[in-house]
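Following: one structure in structure tokens, then a few remarks.
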Amino acid sequence: MKFSLIIILTISIPTISVSQNVINKTDSQGYKRDSVTSIKHSEPHILSKAYPTVKVGYMYSKWHSAEVGIAMLHLIGRPREYYGTMGLTLGSDFLFDKEIIFGPKLSAEANLMFLGTRLNATYYTADFKSGSFKIRPEIGLTLLGLINVFYGYTFNNSNPAFINQKHSISVFVNIPIAKEIYGH
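Residue 467 is where the sequence shown starts when you use my numbering, and the numbers rise one by one after that.
Below is the structure:
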């Protein structure tokens, strides 16, 4: 019994180390792949590199507003075949009322095929002395994360009288800065 256990362990230890070497290979584009998924049709996954993207948009609630930001988006899919994006955006809203109201914000978004979602945290201020912090989750339609039409509902976390808006419709585009993003 002890002899057969030693033989099994002696045979299995080199096999485990060989399979680990196979798993840690990288392909020509620098993505980590294992030999099994590179032979079979691999499952969609988050590609490891984040790409810079310019985000430009329009939002309507009670007021018209513009959105401008820089996003770092990861592609979801396989190399040369992607199905959506996910990532973070640092940007700003500009509300046009009697005065221009500035709203720096941080957003997290995920877009897959034709469905997208985004969570915004925005601090609206007119004079940089006082303002209102808002959380706005959004959901809507997207074209692979490039063109988006979202509905949002705003939660007022502080000073609800300042920029009292609940429902919003956003239309925005993500413009890739790096030209090798979409397989070019």
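Each residue gets a CB set at the ideal place from its N, CA and C atoms; glycine is no exception.
Evaluate the contact criterion for the region 622-632 versus the region 514-522: three or more CB pairs, one atom per stretch, below 8 Å.
no
Could you tell me the alpha carbon to alpha carbon distance between Q631 and N586, rounded to whole angstroms?
14 Å
Using the Cβ count rule (16 or more neighbours within 10 Å means buried), how would you classify K595?
exposed
With burial defined as no fewer than 16 other Cβ atoms inside 10 Å of the residue's Cβ, what is the status of A644: buried or exposed?
exposed
Can you find the residues in the same chain that come closer than 7 Å, C-beta to C-beta, to G553, ignoring five residues on each side of it along the sequence?
Answer for G553: A516, A537, M538, L539, H540 and E575, listed in chain order.
N-terminal and C-terminal residue of the beta strand (DSSP E) that D559 is part of:
E547 to F562
CA nearest to the CA of T608, picked from Y590, V639 and G569:
Closest option to T608, Cα to Cα, is V639.
I'd like the list of long-range same chain contacts for G597, defined as Cβ closer than 6 Å, with 5 residues on each side in sequence excluded.
Y589, Y590 and T591
Tell me, please, which residues DSSP counts as bridged to T583.
A576 and I605
Alpha carbon to alpha carbon, how far is A532 from G557? Give it in angstroms, no decimals.
11 Å
If you draw a straight line from the alpha carbon of W529 to that of I635, how long is it in whole angstroms?
If I take the Cα positions, the gap works out to 11 Å.
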